[in-house]
Each structure stands twice: as C-alpha cells, then as structure tokens.
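Chemist: According to our numbering, the sequence shown is numbered sequentially starting from 3.
Note that the Cβ used here is the ideal one computed from N, Cα and C, for glycine as well.
Just so we're clear, the structure is a prediction, and the values are computed from it rather than from any experiment.
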Amino acid sequence: MAATTHTVTNQPPPLVGYDVFTADRALAEAVERHLPPELHEEARTELSTLGTSAGSVHAQSWGALANENPPKLRTHDRYGHRIDEVDFHPSWHRLLGHAVGAGLTAAWATPGGHVRRAAGFLVWTQAEAGHGCPLSMTHAAVPALRADPELAAFWEPKLTSRVYEGEEMRPAAQKSGVLFGMGMTEKQGGSDVRTNTTAAAPLAAEGEYALTGHKWFCSAPMSDGFLVLAQAAEGLTCFLVPRVLEDGARNTFRIQRLKDKLGNRSNASSEIEFDGTWARRVGEEGRGVRTIIEMVAATRLDCVLGSAALMRQAVAQAVHHTAHRSAFGGPLLDKPLMRNVLADLALESEAATVLGMRLAAAYDAVEADGGDAEGERALLRLAVPTAKYWVTKRCTPTVAEASECLGGNGYVEESGMPRLLREAPLNSIWEGSGNVQALDVLRALQREPRALDAYLTEIGRARGADHRLDAAVKGLLTELADLEGLEARARRVV
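1) For L479, count neighbouring C-beta atoms within 10 Å of its own C-beta (all shown protein chains included) and say buried if the count is 16 or more, exposed if not.
2) For L124, collect the residues of the same chain with a Cβ closer than 6 Å to its Cβ; drop the 5 residues on either side in sequence, then sort them by chain order.
3) Which of helix, strand or coil does DSSP assign to M139?
4) I need the straight-line Cα distance from G377 to A456, nearest angstrom please.
5) Got a sec, what are the start and stop residues for the beta strand (DSSP E) Y211 sits in?
6) Say whether the stretch 150-163 touches the stretch 185-202, bearing in mind that this needs 3 or more beta-carbon pairs closer than 8 Å, one atom from each stretch.
7) Have a look at R164, K189 and E188 and flag the residue whose alpha-carbon is nearest the alpha-carbon of S178.
8) In whole angstroms, what is the alpha-carbon distance linking G409 and A320?
9) Skipping 5 residues on each side, what residues in its chain have a beta carbon closer than 8 Å to that of V368?
10) Have a look at R465, H141, R172 and A28 and flag the residue whose alpha-carbon is nearest the alpha-carbon of G183.
11) Does the contact criterion of 3 or more C-beta pairs under 8 Å hold for the stretch 425-439 versus the stretch 343-361?
12) According to the neighbour-count rule (16 or more other Cβ atoms, all chains shown, within 10 Å of its Cβ), is D226 buried or exposed?
13) May I ask you to verify whether the stretch 467-487 touches the stretch 396-404, counting CB pairs closer than 8 Å and requiring at least 3?
14) Taking 8 Å as the cut-off, decide whether the C-beta atoms of A45 and L37 are in contact.
15) Under DSSP, the alpha helix (DSSP H) around M340 begins and ends at which residues?
16) Go ahead and label Q176 buried or exposed: buried means 16 or more other beta carbons lie within 10 angstroms of its beta carbon, across all protein chains shown.
17) Between the stretch 64-75 and the stretch 262-274, do at least 3 Cβ pairs fall closer than 8 Å?
18) Between R256, G103 and G332, which has its C-alpha nearest V180's C-alpha?
19) Contact defined as beta carbons within less than 8 Å: I believe K395 pairs with G436. What is the distance between those atoms, to the nearest angstrom?
20) According to DSSP, which residues form a beta bridge with M184?
21) Could you check which residue in G466, V317 and L303 has the C-alpha nearest to that of V393?
22) Alpha carbon to alpha carbon, what distance is there between C135 and E433?
23) Within its chain, find whatever has a CB closer than 7 Å to the CB of R491; leave out the 5 residues flanking it on each side and keep chain order.
24) I'd like to check one pair, S405 with A329: are the Cβ atoms closer than 8 Å?
25) Taking DSSP as the reference, what is the three-state secondary structure of A281?
26) Measuring straight from C-alpha to C-alpha, what distance separates V343 and P14?
27) Starting from T394, trace the alpha helix (DSSP H) in both directions and tell me its first and last residue.
28) Looking at the secondary structure, which residues open and close the beta strand (DSSP E) in which G237 lies?
29) In this structure, what does DSSP give as the bridge partners for R252?
30) Grouping DSSP H, G and I as helix and E and B as strand, with all else coil, what is S430?
31) Any contact of the stretch 274-291 with the stretch 231-241, i.e. 3+ C-beta pairs under 8 Å?
32) Hey, out of Q128, A385, H133 and V495, whose CA is closest to A318's CA?
33) Restricting to runs no shorter than 4 residues, where is the alpha helix (DSSP H) found entirely within the stretch 88-167?
34) From M419 to T388, what does the alpha carbon distance come to, in whole angstroms?
35) Grab the span of the alpha helix (DSSP H) containing P420 for me, first residue to last.
36) Quick check on DSSP: helix, strand or coil for G77?
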C-alpha cells in the first residue's frame, strides 16, 4: 500500500519498449545512404528487430545486471590446480550471445556488412557498452589474420559465424563460433610497443613459438584466441595465442588479476603472464606492428561507434526525461533554454553517428575492391585517427551535459546515467589516447600524402555550404604549410 504522506507525480517513466534503430533518424538515413537499394529492406528489418531488442526491458535489465555483478577471477580450482578462469554474470553471456547472433562480428561475411554491422553495433551497445569490447576485437581480428592465409582459412569462418559459444573453454576446432582478444601493451611502455620485452623463442615446427613475458592490459581474457606482440629474432612480431590447445590442454595463460576500472565494469580487463606459452606466428618476423595495425584501425573505428552509441543513449534519455517532466509552468522540453541545450546535444550525437557510418561505408568500399577502393583506403588512414580523436573526446562532455538535463535524478545510479558517464572516457584512451591519435595523423600526412588528398576531397564536397567549415579547412592548410614545431601543434592540426 502506498504511503499517505504523498503521491508520486511528475516523474518520467523508464525509457523502455521502443525501437532504438527506427527512433534514430540520422542512423536510419545513414544506412540507406550507404547501402545499395537492393539491401535496404533486409537491413532495415534486421536492424529494427535488433533495435526493438535493445530497447526492451530485458536488454536494459541485462545491461544493469552485468555491471552490478562484475566478473570474478578464479586462478585455481579447489584442489590447487591453476585454471585462470573468469566467471561472468549470465547477463553478460545473454548480451554477447544476442550480439553475435545478430551478426555484430560477421561484417566480413555479409554484403554491405560494415555499414550494417556498424549500425547494429551502435544500436545494440546502447543497452550495455562493456561487451562491445570482445565484439570489437573479434570483428577486428579478421584483417590481421589474413596476413597468414592458412590461419585465416581456419579462424575467419568461426570469427564471422553467428554462433556464440563463449561460455565453454574448448579447442577452437570443436567450436563453430569463437571470440578473439588482443594483447599489445606492457608495463614499461604502454602505447610505445617498441619497448615490449615479451620474448618469442622458435620451436621445432615452422611458425610455432614459445612466449615468455607479460601483458599489462588484456581485456576479455576468456576469449578463444588473442593476437599479441612479442620480440622475435627479427624484431617485434605478431602471434596468435589460443587459450586452449588442439589436444584440449590449457595453454599457459596466467591471469594475475583483474583491473578495478572507473567504468566498463561488466568487462574483465586483466594482467596476464606468459611462461613458455604456445603461439603461432602471424605474418613475417619483425613486421608485427604492420600486421596488427589493421586490427588496431578497425577497433579505433569501433571507439568512434561506441562513443556515438553512448552519446545517442544519453541524449535519448535527456529528451525522454524533459518530455515527461514539468517545471515552472510547463514541460521542460518546451522551455526555450532547455530546447537549445538539447538541440546542441543532438547535433553532437548526430555528427558522431554520421561520421562513424561514413567510415564504415569506406570499409565496405575497400572490401569490395572496386574502382574507389584505393581512395577510400587512403581516406581511412587519415580519417580514422582524426575521428577517433574528436568523437571520443566529445563523448564525455556530451554525456555529462545530458545527465544534467535530468537534474538530481541523473546523478542517481538507477537512472543509468552514471554508468554512461563512467563509460564515456574509455574510448578516448583505448587504442591510443589523444596524443597518440594526433601523432598518428602526422605520420599519415608525412608518409602517405594521398591520405591528405583523399581527406580534402571528402570535405571539399561541402565547400561553400558553411563559411566556418571553409575557414577551418583554410586554417588546416596554413598549419600544414609551417613544418617547424609541427609535433607540438599536432592537436591543432587534428
């Protein structure tokens, strides 16, 4: 029975029971813009089904439970045997299973797959962001593995399948679907992977090595395989490390501890040790960075998409709240100042979405290998780190401002806004923080001049539409004309 002291009024209902995809006009238009007409209906139906699931009370509950019950590390079983397992709440597996089943790791095996997958990723991770990490790494592992056709032939069908078998540790040969992770950074170097000390000693069989060393950040450690960097005789090299060997034995993959992170609580990020760990070389010795860089680029695009998803969900919550909350004589949504704030937030969200989808379309063009493939590849080289820099940095202030639209209610954990706000800074750090992106842009400008031509051609299509854009392009060219002290001005260039 309700208390007689007061009646609850003027409190917005939860934002559930809606189609996240069709409610996002900018995203729906981007999908149609970048897909051929014959794929429109199929993609729209597929994404609307996923959007309805993402907006359901079930998915929202899974997201909350996965974060309220973070993963737990079990290094040993009750008899003292080393097992190095991480236990996840069942909601984590439900989220991942639904995502894999919806094709969020299947872009490379689907017509128009990168646009469709990007839209799906943007839609589904609004329900919960943390499980986007293994989805992203699994998706991004494909181009790196293609450096070894034999490995790609075995692993790619499993990586791109729509089968989720992440709850069991078995040899990959016994699975239809697998997940992948990545291990690059070490204690002493972080983003400076050239300082890595993990050593790779060749074994008798061609391409097989034993790794000894560590990785400082290794997320989703229960994945089936990992692409890692280690020092071989010819220098830094890329290797594939399976969690379970062909004979069913566990590979030596010692999880030392799980990171206690600001956000991203549903996802396990670990410190691991290699001690004679079996690995298979991917690509040539000494070419590890070049081999794994395609994976890095794809995950950087997912940083853009993940931040766009966070912004979109934050703005959706702010608009929903203000539409159902009255103050000072009328709905908050009707107040001119509030409308101004919401419009500004909506512009940030839409810009991030449109940019992310344009880059996904470039991936489809490169994969199709048509007449525009090389131009699109050149565009991606410069546009991905630039977009990663800007969109991920705009995410945190956008989510914070959206949270403020809910007033005190937005500061309460049950609203979901604190989880979005804790998650918001992550993508600006993952796969290289702001300075790393800015320096990568400089490298692209210096080593690949065609990248700048492709970039200027792209933004040149809007020349004359807005004098501020024209002025920004002019300012960029002025900055690039002065090479002295360019590194110190890298952020201004970006």
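Modeler: Judging by the given coordinates:
1) With fewer than 16 Cβ atoms within 10 Å of its Cβ, L479 is classed as exposed.
2) L307, A310 and A311
3) helix
4) 6 Å
5) E210 to S221
6) By the Cβ rule, the stretch 150-163 does not count as touching the stretch 185-202, because fewer than three pairs are nearer than 8 Å.
7) R164
8) 10 Å
9) A375, E378, R379 and L382
10) H141
11) no
12) Buried.
13) Cβ pair count under 8 Å is below three, so no.
14) Yes, Cβ-Cβ distance for A45 and L37 is below 8 Å.
15) P338 to A370
16) exposed
17) yes
18) Comparing alpha carbon positions, the residue from R256, G103 and G332 closest to V180 is G103.
19) 6 Å
20) Answer is L229, bridged to M184.
21) L303
22) 11 Å
23) Correct list, in chain order: E481.
24) no
25) strand
26) 19 Å
27) A375 to E406
28) DSSP places G237 in the uninterrupted beta strand (DSSP E) bounded by G237 to P244.
29) V246
30) helix
31) yes
32) Q128
33) 92-103, 115-126, 134-147 and 151-161
34) 27 Å
35) Annotation for P420: the continuous alpha helix (DSSP H) segment containing it runs M419 to E425.
36) Note that residue 77 is Thr in the sequence shown here, rather than Gly. Three-state DSSP puts T77 in a strand.
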